[in-house]
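**Student:** Here it is: the structure, laid out below.
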Amino acid sequence: MRGVGGSGVQLSVNGRRREVAYPDEMLVWVLRDELGLTGTHYGCGIGACGSCTVLLDGQVARACLTPARAAAGREVTTVEGLARGEQLHPVQRAFLENPLQCGWCLPGHLMSAAALLERTPDPTDAQIEEAAGVNLCRCGGYNAIRRAVARAAELKREDG
């Protein structure tokens, strides 16, 4: 671990209560190193790229800027928590249909898209553009990202 330990805290991660020993550590490192949830990627460390995006109570949050302690009492959802058993979330299915070149930014885009579709089930192109624009894609896959988010909205509506 990179930070200093202290008294642990309870987190709810992907619907499961977890005790973490390093509450002052940034959430990205607690998720990856302590809890083994490596789907949340570390990118820039300053909250600019979005590869570390998770949901806190359904809202987009940068895990590289969020101390684990700040997530106590809130529901943390990571990319691993989007699927329900064997059933992939519509955004996961849509991005499989519209793959990105390298995928480093993919977890952040999945989480931003999931948050968008929860608050706006039938987003406009402008809303998709705005939601996708908060995350960087070093490979320039923005057209595929926009197509995937639009497709995810369709799949979510089909799923009911």
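First residue of the sequence shown? That's 1 in the UniProt record's numbering, and the numbers climb one at a time after it.
Each residue gets a CB set at the ideal place from its N, CA and C atoms; glycine is no exception.
These numbers were taken from a predicted model, which means no experiment stands behind them.
For the 8 Å Cβ check, are there 3 or more pairs between the region 25-42 and the region 71-84?
**Tutor:** Yes, they touch.
**Student:** For the alpha helix (DSSP H) containing E129, name the first residue and the last one.
**Tutor:** Note, E129: alpha helix (DSSP H), 125-132.
**Student:** Among the residues of its own chain, which have a CB less than 8 Å from the CB of G3, if the five just before and after it don't count?
**Tutor:** Bear in mind that the predicted position of G3 carries a pLDDT of just 49, short of 50, making it too unreliable to give a figure here.
**Student:** Among the candidates L55, D33, C49, I46, whose CA atom is the shortest distance from the CA of G15?
**Tutor:** It is L55 whose Cα lies nearest to the Cα of G15.
**Student:** With a cut-off of 8 Å on the beta carbons, I'd call I145 and C139 a contact; round off their distance for me.
**Tutor:** Rounded, the Cβ-Cβ distance is 10 Å, inconsistent with contact.
**Student:** To which residues of the same chain is residue 195 closer than 8 Å at the C-beta, ignoring the five residues directly before and after it?
**Tutor:** Here the chain comprises residues numbered 1 to 160, so residue 195 is not present and cannot be evaluated.
**Student:** Ignore the nearest five residues each way along the sequence and tell me which others in G50's own chain have a CB closer than 8 Å to its CB.
**Tutor:** Result list for G50: G43, R62, C105, G108, H109, S112, V134, N135, L136, in chain order.
**Student:** Assuming A70 and L11 are in contact, meaning their beta carbons sit under 8 Å apart, how far apart are those beta carbons, in whole angstroms?
**Tutor:** That pair is no contact at about 10 Å.
**Student:** Considering only their Cβ atoms, is the gap separating A115 from G58 smaller than 8 Å?
**Tutor:** Against a cut-off of 8 Å, the Cβ pair of A115 and G58 comes out as a contact.
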